[in-house]
Amino acid sequence: MSGLAILIPIALLMGLCGLGFFFWAMRNGQFEDLEGASHRVLIDDEDEPEEREDYSAET
Amino acid sequence: MNAAMPLHDAAEKAVCEDSRFAVPTMRCAGCISKIERGLSEIPGVAAARVNFSAKQVAVSHAPELTEDRILRAIEKLGFEAQILSENPLAEDRGDTARLLRALAVAGFGMMNIMLLSVSVWSGAVGVTRDLFHMLSALIAIPVIAYSGRPFFASAAMALRYGRTNMDVPISIGIILATALSLYETITSGPHAYFDGAVMLLFFLLAGRVLDGMMRDRAREGISALLGKTAPGAMVVQGDGTAVWTKAADIQPDMVMLVAAGESLAADGVIEQGKSGFDMSMLTGESDPQVLGEGDTVLAGTMNMDAPVQVRVTATGGDTSIADIARLMDEAGQHRSFHVRIADRAARYYAPAVHSLALLAFIGWMIAGAGWHQSLLIAVAVLIITCPCALGLAVPAAQVVASGALMRKGVLIKDGSALERLAEADRVLFDKTGTLTMGQPRPIDLDKLSLTEKTVALALAQSSRHPVSQGLARALVHEGIAPAKINNVQEVAGKGVSAIWEDIPVQLGRAGQAGAHISAALTIGDDAQLVEMTDMLRPDTRAAIAELAQLGLSASIVSGDRTEAVSPVAKELGIIAQANARPEDKVETIKRLGAAGHKLLMVGDGLNDGPALAAAYVSIAPGSASDVGQQAADAVFTSDSLMPVALAVKAARRTGKVVRQNFALAIGYNIFAVPLALAGMVTPLIAAIAMSLSSLIVVGNALRLRGAAK
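From first to last, the protein sequence lines stand for chains G and W.
Counting in numbering that gives the first Met the number 0, the final residue of the first sequence is number 58, and the numbers go up one at a time with none missing.
Counting in numbering that gives the first Met the number 0, the final residue of the second sequence is number 708, and the numbers go up one at a time with none missing.
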């Protein structure tokens, strides 16, 4: 029984987190362009090689 | 914080303008990056963001950079583009987002309450059950207060006007169930219906969200097609240069420079030049008229041949288009008020459910069950009969059907349009641009040899003149690849010339200047005449036969001359009315409507706007004027006319599935209501029955995926 006192609040909190995240995603326009998002993954980022050079210079 | 921001940054942000462009030819990830990178490199562009689903680019730019220059830049990147004016269909975009939020909250509440309810159902007793009920109440009450608002608001609105709709029984059921469950919780009773109430909200909201998403999707698709009529013009300045000016900023007495292939943004008088004007959007006349200096030209007409300078006489609300808009408003007001099928069902449903619940309460009171027990049974009746399946049955079927139609190139604006489309029993067609392509196409390409075709295509592709574009489209359709040509030069009013394998080649106007549309192709010394005409859309005859088979007899109502209309009518074998002004078309529709017909109007031009608004249901082709597309209930994007018949067929199939779903819902009630009346429905049974009936109607609706075949 005492486990419930922890488990139920945890379940509720996690649910609320998910809800909050969904609200944030909607306000942020994450669902505006669903088709485009699937294509953007394939775009090569031109700046990437330069950044990598910077990394190697630092290490 | 603000003070730390560099001043010029703040200024830059404040003056940035946002413009939107439709880019229908984007197809891949490469296109996205090409457009975004290409535009960001232009000085003055702050940001460019592609919306791939809507095929649009939003550009935030400095005001000095005018819209037409960005348009050129996009074209230089290799994409056809159009400037989009403020989207007139976007007004209720926020509705779906609000419903979606309510749905998310209801989903969250439903899952958590169900978690607690399952333990109660599996046998939790005493303090544990009370605690779980308490927790459920704690979750349910805020969730219902938030997610129930769309229903409560709509029910309150209906009651205020002494009417009832679907939302009244829903609201009463939910509020009563919540209140009683709260009482049960406080008095540590065995049954609380929080899970049922929240689940009901969840399913009903799912139906509303589906309905809203379908509307938004179609509207977005249509607004991507909009914006073909010029939203502005090149206005000649005092020093002789021309500057792009938005339609709203054009004043009388300004001089517009109208290039060949451009539409006029305002009424005016030609100051310089002579050209053919395509008035079909405005009057329905298919042959272009030749107008010269001193002649009046109207907004919405397209300049076909040569650049002209036009002195503006009227703009905005004073133009001839505005008269048509006024006529359209009037026609829209007379439109018969269609009651959605779900609301029609609710008219019988709500009183039946309420009297049943009341009877159960009275019956059990007489039987001596005590008011608490009787009320509990009455609420069980309300919950179990609540139109959960009904609220989902109609939108689910309509969304699936409209999705299937969308894949076939028909955009349906809302569910009501689908319902009306299924009831239509007569169809009226406009001629120019609806039965015909509205763009000149070559009559006979077989006269040309293959080499001549490749050269003709290469030349035609490099011009924006409507005749060239029509020729190019027809040649591309035949699978011709353009020849390689150099030194391409376009002389306005004369044609395009170039060098092909050291031979001068030319595509230009045929010998006699005038209203006749034909193009002359010259290769070296050989000349070929390509006769062009406004052809019938492909499959027109088949589509009309198909419609006749569905019981929709067709006729033509056109603004064009009798001589132009009668050959088309003869070829298709249907009756026609020619010389019809916009008000005549509305008159015809009213007359047929009064005779008991439910008319489907198919039209495209500005002059069809009032008729499209007045008809019982209307469809416009994707090539239609903005006005036509906004007034119509549906838009089809293909060249073929077949989608009209397809839409009617799919709408009827949808109606059938909706009726099946109603039958399923009624069958479910016949089974469940006696149980509820007998007092045997526990929250567990209510939950199972509700989700089962919803799943069945959604499953039945999914059968419509292939409805548009």
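Ideal placement from N, C-alpha and C gives every residue a C-beta, glycine not left out.
Computed from a predicted structure; not experimentally measured.
(1) From the DSSP output, in three-state form, read off W/Glu-530 for me.
(2) Closer than 7 Å, CB to CB, is W/Thr-50 near chain G or not?
(3) In chain order, what are the residue ranges of uninterrupted alpha helix (DSSP H) at least 4 long that sit wholly in the segment 210-277 of chain W?
(4) For W/Met-436, which of helix, strand or coil comes out of DSSP?
(5) Thinking C-alpha only, which one of W/Ala-330, W/Gln-397, W/Val-475 is nearest W/Leu-456?
(6) Please report the distance separating the alpha-carbon of W/Asn-302 from that of W/Lys-75.
(7) Any C-beta of chain G within less than 7 Å: which residues of the segment 12-34 of chain W qualify?
(8) Grab me the residues of W/Met-278's own chain with a C-beta within less than 7 Å of its C-beta, minus the 5 sequence neighbours each way, in chain order.
(9) When the Cβ atoms of the segment 311-329 of chain W are set against those of the segment 338-349 of chain W, are three or more pairs found closer than 8 Å?
(10) Under 7 Å between the Cβ atoms of W/Val-208 and W/Leu-98?
(11) Between W/Gly-77, W/Ser-52, W/Gly-37, which has its C-alpha nearest W/Val-58's C-alpha?
(12) Might you give, ordered along the chain, the residues of its own chain that have their beta carbon closer than 8 Å to the beta carbon of W/Gly-239, omitting 5 neighbours on each side?
(13) Tell me where the alpha helix (DSSP H) around G/Ile-5 begins and ends.
(14) With DSSP run on the structure shown, which of helix, strand or coil describes W/Leu-290?
(15) When the cut-off is 7 Å and only beta carbons count, does W/Ala-10 lie next to chain G?
(16) For the segment 157-217 of chain W, which segments carrying the beta strand (DSSP E) assignment without a break, of at least 3 residues, lie completely within its bounds, in sequence order?
(17) Once you ignore the five residues that flank W/Leu-447 on each side, which residues in its own chain have a CB closer than 8 Å to its CB?
(18) Tell me the rounded alpha-carbon separation between G/Leu-41 and G/Glu-34.
(19) Where does G/Ala-4 land, buried or exposed, given buried means 16+ other C-beta within 10 angstroms?
(20) Across the segment 486-501 of chain W and the segment 423-430 of chain W, are there enough close Cβ pairs to call them in contact, namely three or more that are closer than 8 Å?
(21) What is the DSSP secondary structure of W/Ala-356, counted as helix, strand or coil?
(22) How far does the beta strand (DSSP E) with W/Ala-57 in it reach, from first residue to last?
(23) Listing by chain order, which chain G residues have their CB less than 8 Å from the CB of W/Phe-107?
(24) Can the beta-carbon of W/Ser-274 be found less than 7 Å from the beta-carbon of W/Asp-294?
(25) If you count every other CB in all the chains shown that lies within 10 Å of the CB of W/Pro-581, and 16 or more means buried, which is it?
(26) Alpha carbon to alpha carbon, how far is W/Phe-151 from W/Ala-349? Give it in angstroms, no decimals.
(27) What does the alpha-carbon distance come out to for the pair W/Gly-469 and W/Thr-532?
(28) Please determine, among W/Met-255, W/Glu-270, W/Gln-576, W/His-371, the residue with the shortest C-alpha to C-alpha distance to W/Ala-264.
(29) Rounded C-beta distance between W/Ala-298 and W/Asp-266? I'm assuming under 8 Å.
(30) Return the first residue and the last residue of the alpha helix (DSSP H) that W/Asp-607 is part of.
(31) Can you tell me the Cα-Cα spacing of W/Asp-210 and W/Pro-23, whole angstroms?
(32) Does the CB of W/Ala-61 have a neighbour CB from chain G at under 7 Å?
(33) Give the range of the beta strand (DSSP E) segment to which W/Thr-681 is assigned.
(34) Please name the residue or residues paired with W/Phe-20 in a DSSP beta bridge.
(35) Could you have a look at W/Ile-411 and say whether DSSP puts it in helix, strand or coil?
(36) With 7 Å set as the bound, which would you pick, yes or no: does the beta-carbon of W/Asn-660 sit closer than that to a beta-carbon of chain G?
This is what the structure gives:
(1) By one-based count along the second sequence, residue 530 of chain W stands at place 531. If DSSP states are grouped into helix, strand and coil, W/Glu-530 belongs with the strands.
(2) Here residue 50 of chain W refers to the residue found at position 51 of the second sequence. First, the amino acid is wrong: residue 50 of chain W is Asn here, not Thr. Closer than 7 Å: yes.
(3) none
(4) To locate residue 436 of chain W, count along the second sequence from 1; it is residue 437. Looking at W/Met-436 - three-state DSSP - the assignment turns out to be strand.
(5) Along the second sequence, read from residue 1 onward, the residue named residue 456 of chain W stands at position 457. Of the candidates W/Ala-330, W/Gln-397, W/Val-475, the one whose C-alpha sits nearest the C-alpha of W/Leu-456 is W/Val-475.
(6) Against the second sequence, residue 302 of chain W aligns to sequence position 303. Against the second sequence, residue 75 of chain W aligns to sequence position 76. Whole-angstrom Cα-Cα distance: 23 Å.
(7) Cys-27, Ala-28, Ile-31, Ser-32
(8) If you number the second sequence from 1, residue 278 of chain W lands on position 279. So the qualifying residues of the chain are Glu-284, Gln-288, Thr-300.
(9) no
(10) Along the second sequence, one-based indexing puts residue 208 of chain W at 209. Along the second sequence, one-based indexing puts residue 98 of chain W at 99. Cβ atoms of W/Val-208 and W/Leu-98: closer than 7 Å.
(11) The sequence position of residue 58 of chain W within the second sequence is 59, counting from 1. The residue with the shortest Cα to Cα distance from W/Val-58 is W/Gly-37.
(12) Counting from 1 along the second sequence, the entry for residue 239 of chain W is found at position 240. Nothing listed; no residue qualifies.
(13) By one-based count along the first sequence, residue 5 of chain G stands at place 6. Unbroken alpha helix (DSSP H) run through G/Ile-5: 1-26.
(14) Position 291 of the second sequence, counted from the first residue, corresponds to residue 290 of chain W. Three-state DSSP puts W/Leu-290 in a strand.
(15) For the purposes of this step, residue 10 of chain W is identified with residue 11 of the second sequence, where counting begins at 1. Low local confidence applies: a pLDDT of 44 at W/Ala-10 is under 50, so the model's placement there is unreliable, and no value is given.
(16) none
(17) As a first step, residue 447 of chain W must be located in the second sequence, where it is residue number 448. Taken in chain order, the residues that qualify are Ala-455, Leu-520, Gln-527, Val-529.
(18) Sequence index remark: in the first sequence, residue 41 of chain G carries index 42 (1-based). Sequence index remark: in the first sequence, residue 34 of chain G carries index 35 (1-based). Their backbone Cα atoms lie some 12 Å apart in a straight line.
(19) Position 5 of the first sequence, counted from the start, is the residue given in the question as residue 4 of chain G. That one is exposed.
(20) no
(21) Position 357 of the second sequence, counting from 1, holds the residue named residue 356 of chain W. In this structure, W/Ala-356 counts as helix in the three-state DSSP scheme.
(22) Taking the first residue of the second sequence as 1, we reach residue 57 of chain W at position 58. Start and end: 55-60.
(23) For the purposes of this step, residue 107 of chain W is taken as the residue at position 108 of the second sequence. Under the 8 Å cutoff, chain G gives Gly-14, Leu-15, Gly-17, Leu-18.
(24) Mapped onto the second sequence, residue 274 of chain W falls at position 275. Mapped onto the second sequence, residue 294 of chain W falls at position 295. Not in contact: W/Ser-274 and W/Asp-294 (Cβ atoms no closer than 7 Å).
(25) Here residue 581 of chain W is taken as the residue at index 582 of the second sequence, counted from 1. Answer is buried; the Cβ neighbour count reaches 16.
(26) For the purposes of this step, residue 349 of chain W is taken as residue 350 along the second sequence, with counting starting at 1. For the purposes of this step, residue 151 of chain W is taken as residue 152 along the second sequence, with counting starting at 1. Distance between the alpha carbons of W/Ala-349 and W/Phe-151: 15 Å.
(27) As a first step, residue 469 of chain W must be located in the second sequence, where it is residue number 470. As a first step, residue 532 of chain W must be located in the second sequence, where it is residue number 533. Each residue's Cα considered, the two are about 10 Å apart.
(28) As a working mapping, residue 264 of chain W is identified with position 265 in the second sequence. Nearest option by C-alpha distance: W/Met-255.
(29) Mapped onto the second sequence, residue 298 of chain W falls at position 299. Mapped onto the second sequence, residue 266 of chain W falls at position 267. The Cβ separation is near 5 Å, so the contact holds.
(30) Your numbering for residue 607 of chain W matches position 608 in the second sequence. Premise fails: W/Asp-607 is in no alpha helix (DSSP H) and is neither H nor E.
(31) Residue numbering aside, residue 210 of chain W sits at position 211 when the second sequence is read from its first letter. Residue numbering aside, residue 23 of chain W sits at position 24 when the second sequence is read from its first letter. Their backbone Cα atoms lie some 26 Å apart in a straight line.
(32) Within the second sequence, the letter at position 62 stands for residue 61 of chain W. It does not: the Cβ of W/Ala-61 has no partner Cβ on chain G nearer than 7 Å.
(33) Residue 681 of chain W sits at position 682 when you count from the first residue of the second sequence. Premise fails: W/Thr-681 is in no beta strand (DSSP E) and is neither H nor E.
(34) Along the second sequence, one-based indexing puts residue 20 of chain W at 21. The partner list for W/Phe-20 (beta bridge, DSSP) reads W/Val-56, W/Ile-82.
(35) For the purposes of this step, residue 411 of chain W is taken as residue 412 along the second sequence, with counting starting at 1. Note: W/Ile-411 maps to strand in three-state DSSP.
(36) For the purposes of this step, residue 660 of chain W is identified with residue 661 of the second sequence, where counting begins at 1. No, because no Cβ of chain G sits closer than 7 Å to the Cβ of W/Asn-660.
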